[in-house]
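Scroll down for the structure; my scribbles are underneath it.
There are 2 protein chains.
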Amino acid sequence: MDIKQYMEQLGQRARAASRAMARADSATRNRALLLIADAIVRDAALLRAANQRDLDAALAAGLAPALVDRLTLSDAAIATMVEGLRQIVALPDPVGEISGLKFRPSGIQVGQMRVPLGVIGIIYEARPNVTVDAAGLCIKSGNATILRGGSEAIHCNRALAAIVKEGLLAAGLPADAVQVVDTTDRAAVGALITMPQYVDVIVPRGGKGLIARLMEEATVPMIKHLDGICHVYIDAQADIEKAVAIAHNAKCQRYSPCNTMETLLVARAIAPRVLPALAKLYAASQVELRADPESHAILAGYPHLVAATEEDWGTEYLAAILSIKVVADIDEAMDHISTWSSKHTDAIVTENYSDAMRFLREVDSASVMVNASTRFADGFEYGLGAEIGISNDKLHARGPVGLEGLTSMKYVVFGHGEVRG
Amino acid sequence: MDIKQYMEQLGQRARAASRAMARADSATRNRALLLIADAIVRDAALLRAANQRDLDAALAAGLAPALVDRLTLSDAAIATMVEGLRQIVALPDPVGEISGLKFRPSGIQVGQMRVPLGVIGIIYEARPNVTVDAAGLCIKSGNATILRGGSEAIHCNRALAAIVKEGLLAAGLPADAVQVVDTTDRAAVGALITMPQYVDVIVPRGGKGLIARLMEEATVPMIKHLDGICHVYIDAQADIEKAVAIAHNAKCQRYSPCNTMETLLVARAIAPRVLPALAKLYAASQVELRADPESHAILAGYPHLVAATEEDWGTEYLAAILSIKVVADIDEAMDHISTWSSKHTDAIVTENYSDAMRFLREVDSASVMVNASTRFADGFEYGLGAEIGISNDKLHARGPVGLEGLTSMKYVVFGHGEVRG
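From first to last, the protein sequence lines stand for chains A and B. One point on numbering: in our numbering, the residue at position 313 of the first sequence is 313, and numbering is uninterrupted. One point on numbering: in our numbering, the residue at position 364 of the second sequence is 785, and numbering is uninterrupted.
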């Protein structure tokens, strides 16, 4: 059987299973999640053995240490997976909520019901924990899912798939509700993203290169973001202490996440006071500062100071590097953001009410903040309880995507025999 | 200048205008709408003259009478356009609404703000009223728009575009917020749907052929539906009187809309009582009935009776034709709907509580109804106040799309200097 046929089979089975999942009540879906959590605890040794086979192959193939690290399923990682499943059980069921139910002059009553999306394809790299997290979120939200993990984790993913299927069946749900693609052939990804008849949405989790390539080829819609070029703008009327704490945290708390600040914009009136204070903190973390001429002059003597080029404004460093620009006012700041932001997360630091409101209203990004670190743009911090990813598309889900982002709304009409005149 | 360059210019101007529109307050946007309405009244004679040039060309080209009819801008059509604009003014502004604002343990306050989509491209046929309706909806929802109407209406659309621009400028808004594509070259459509850097969403209004073609080529997301294969299922426990009224109205009130019923499913237990009663009403409208063997036997003697083929279940007739099938129960009905429905609108007629709830929950369509005619699936009937189209996609807008469907949600965070630990 060729890959395309194999993937179509998975698709057909997922489509059939998605109807049963949409029908299943909350208690049944929660029972499956708890059974899976228990089985992971029971089979921990087996999972570690499967993971060891992946690790042996990875070491033999000379995989980079960072990738080997991600691939490793430690006891702590297993405990986190189990805890994650139990947290998902504790979250409210998003499915079936009816909102805005109103009687219309014709006599019909119209509202919107939250329903599962159907079949969700998830494409990710060699992190075995994603297999369980994603399966858990899809089961909870009443969806069927097809999981395509990195080929380096194939043994561990097979073992996890067996546990998930066992839990689904024991709860009375179809085993096909969660299917792991059991081939390392890359053509499987190409098939998965081009079968809209079986797959309702793709969630790609990976680097910019992977996502850009999928965007070229996919005919199935995606919940995704390409990159995170996030800005903090320190307004002329900012509180210096808040500004310094936020601009330091937004860059230095972690370098690699997509919600880390990449460009700092500072109002001319406050730059001579705020930049030297910030420079002390950045120097302690050896952050390289790529400065425009005006901030360069203020920062003279900073040990890792470089002149910014046009390219810097459009670069996501994901490293201890920050570009800095002095601007006249909020208008110049928002012009810069409008031109260079990847529309992921942008923040203003100000005590001025009108500037805060203008920034919230006018900056066209998935998350817009006042007086808080961009690092808060995250499903857990926003209270979504769980996160499948972050979207910077305007259609459908936008920003951190949790269980609700895996559902859609349909209109429901309650009539009493009304016909249209 | 070639078409691609021309369209890119429109796109750049629209993108710039969209920022001003997102900033503009409700009163300013409403003032523009009222000024446009007044100018249409003032220039009615001029508009009719421009329309006459289109009609002369259409008649010379031998355009079909139905198309000429749609192209005609009568005094009544002008009055309806003006009334439509004034109704849009009276609707609440969807932009800026903040929902779900909650404090989080970190101290930040997180909610979602409703914001315009940005730039909306609308592709439609030779109906000049759409130019004004669509411009009105986009202005009200704070978007910029690029309108590409049918080439047959070019003179009338140019005259309407001049009026719209005058109204925008007089209200203090950018004239580029509404741009009419001023060429009849078909390459303009191809350019419009493949410039995601300038256009956020396409709304295609036209037949299935147009939309299927756009789906092949578009790289910009679309708010669309392909067809409407809508079902009414008459349950064994239906009220006969309601069932007959609904199944008659759903087919016969109008034949061409997408929310008209194309297939009637009837439970075996009730078919011998309900079908003959319905046949009397269908006969009066000379509806051709394409029946499965079981309903064919019950309907024997009906003057326009034909044996249904497999193809009928997948056909949108948009005519006085109805396919009919007898099913065992709600499960067989929902299996049929799952296989054949275009997921636009499906209805159950029943007095049974559990069947009604199952149908609402399990049928995966944009509108699902109990005891009401499918013809109610419409923005005005649902109370949206205005309608830009109907979507049967699961992502973003689904079902009738009004002003809210032309907006997105972004997260807003109100902090007090919080940083992430």
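We put the CB at the ideal spot given by N, CA and C, even for glycine. Here the structure is a predicted model, which is why all the values come from computation and not from measurement.
Going along the chain, which residues of its own chain have a beta-carbon closer than 8 Å to the beta-carbon of residue i, five neighbours each way excluded?
i: His765 (chain B); result: His646, Asp648, Gly649, Ile650, Cys651, Cys679, Asn680, Ser786, Ala787, Ser788, Ala798, Ile811 and Asn813
i: Val708 (chain B); result: Lys672, Cys673, His725, Ala741, Ile742 and Leu743
i: Ala283 (chain A); result: Tyr302, Pro303 and His304
i: Leu512 (chain B); result: Lys561, Gly806, Ala807 and Leu824
i: Leu484 (chain B); result: Leu492 and Glu573
i: Arg273 (chain A); result: Ile240
If you reduce the DSSP assignment to three classes, tell me which class residue i lands in.
i: Asn51 (chain A); result: helix
i: Arg675 (chain B); result: coil
i: Tyr654 (chain B); result: strand
i: His646 (chain B); result: coil
i: Arg463 (chain B); result: helix
i: Asn371 (chain A); result: strand
i: Arg711 (chain B); result: strand
i: Phe103 (chain A); result: strand
i: Met261 (chain A); result: strand
i: Ile691 (chain B); result: coil
i: Ser487 (chain A); result: Residue 487 (chain A) cannot be examined here, being either before or after the span of chain A that is shown, 1 to 421.
i: Glu744 (chain B); result: A quick correction: the sequence has Ser, not Glu, at residue 744 (chain B). Three-state DSSP puts Ser744 (chain B) in a strand.
Between which two residues does the alpha helix (DSSP H) harbouring residue i extend?
i: Met215 (chain A); result: Lys208 to Glu217
i: Thr566 (chain B); result: Not the alpha helix (DSSP H): Thr566 (chain B) falls in the beta strand (DSSP E), residues Ala565 to Arg569.
i: His576 (chain B); result: Ile575 to Ala592
i: Gln9 (chain A); result: Ile3 to Arg23
i: Asp69 (chain A); result: Pro65 to Leu71
i: Tyr411 (chain A); result: From DSSP, Tyr411 (chain A) is part of no alpha helix (DSSP H) but of the beta strand (DSSP E) over Thr407 to Glu418.
i: Ala728 (chain B); result: Here Ala728 (chain B) belongs to no alpha helix (DSSP H); instead the beta strand (DSSP E) covers Leu726 to Ala728.
i: Val189 (chain A); result: Ala187 to Leu192
i: Asp752 (chain B); result: Ile751 to Trp761
i: Leu360 (chain A); result: Tyr353 to Glu362
Taking the continuous beta strand (DSSP E) assigned at residue i, which residues delimit it?
i: Val822 (chain B); result: Gly820 to Val822
i: Gln109 (chain A); result: Gln109 to Pro116
i: Gln179 (chain A); result: Val178 to Val180
i: Gly542 (chain B); result: Val540 to Ile544
i: Thr766 (chain B); result: Thr766 to Val770
i: Gly810 (chain B); result: Gly810 to Ser812
i: Pro128 (chain A); result: Careful: Pro128 (chain A) lies outside any beta strand (DSSP E), inside the alpha helix (DSSP H) at Pro128 to Lys140.
i: Val201 (chain A); result: Val201 to Pro204
Leaving aside the five residues before and after residue i along the sequence, list all residues of the same chain whose C-beta is less than 6 Å from its C-beta, in chain order.
i: Tyr427 (chain B); result: none
i: Asn472 (chain B); result: Leu494 and Cys577
i: Val401 (chain A); result: Ile223, Ile388, Gly389 and Ser391
i: Glu418 (chain A); result: Ser106, Gly107 and Ile108
i: Asp621 (chain B); result: Leu538, Gly539 and Val540
i: Met790 (chain B); result: Ala768
i: Ala556 (chain B); result: Val585 and Val599
i: Met409 (chain A); result: Gln112 and Arg114
Starting from the C-beta of residue i, find all residues in its chain whose C-beta is less than 7 Å away, skip the five residues before and the five after it, and write them out in chain order.
i: Arg15 (chain A); result: Val119 and Tyr198
i: Leu476 (chain B); result: Val489, Leu492 and Thr493
i: Lys629 (chain B); result: Leu647 and Asp648
i: Ser341 (chain A); result: Ile229, His231 and Ser365
i: His717 (chain B); result: Leu726 and Ala728
i: Val326 (chain A); result: Val266, Arg268, Ala271, Asp292, Glu294 and Ser295
Would you mind stating whether residue i and residue j have Cβ atoms separated by less than 9 Å?
i: Ala247 (chain A); j: Ala269 (chain A); result: no
i: Arg491 (chain B); j: Arg23 (chain A); result: no
i: Val687 (chain B); j: Asp767 (chain B); result: no
i: Ile567 (chain B); j: Leu613 (chain B); result: yes
i: Gln179 (chain A); j: Ala144 (chain A); result: yes
i: Lys165 (chain A); j: Ala175 (chain A); result: yes
i: Val665 (chain B); j: Ile544 (chain B); result: no
i: Asn129 (chain A); j: His837 (chain B); result: no
i: Ser26 (chain A); j: Val95 (chain A); result: yes
Should residue i be flagged as near chain E, meaning a C-beta pair shorter than 9 Å?
i: Asn30 (chain A); result: Annotation note: the requested chain E is absent from the structure, which comprises protein chains A and B.
To be precise: take each residue of the stretch 369-403 of chain A, compare its Cβ to all Cβ atoms of chain B, and keep it if any distance is under 7 Å. Which residues remain? Met369, Val370, Asn371, Ala372, Ser373, Arg375, Phe376, Glu381, Tyr382, Gly383, Lys394, Leu395, His396, Arg398 and Gly399
With 9 Å as the limit, tell me which residues of the stretch 149-174 of chain A have their beta carbon closer than that to any beta carbon of chain B; keep them in chain order. none
Select from the stretch 497-524 of chain B all residues with a C-beta closer than 8 Å to any C-beta belonging to chain A, and list them in chain order. Gly517 and Lys523
Listed from N- to C-terminal order along the chain, which residues in the stretch 227-253 of chain A have their beta-carbon within a distance smaller than 9 Å of any beta-carbon of chain B? Asp239, Glu241, Lys242, Ala243, Ala245, Ile246, His248, Asn249, Ala250 and Gln253
Identify each residue in the stretch 404-416 of chain A for which the Cβ-Cβ distance to at least one residue of chain B is less than 7 Å, and report them in chain order. Ser408, Met409, Lys410, Tyr411, Val412, Val413, Phe414, Gly415 and His416
Quick one: which residues of the stretch 112-123 of chain A get their C-beta closer than 9 Å to a C-beta of chain B? List them in chain order. Gln112, Met113, Val115, Pro116, Leu117 and Gly118
Of all the residues that make up the stretch 325-343 of chain A, which are near chain B by a beta-carbon distance shorter than 7 Å? Ser338
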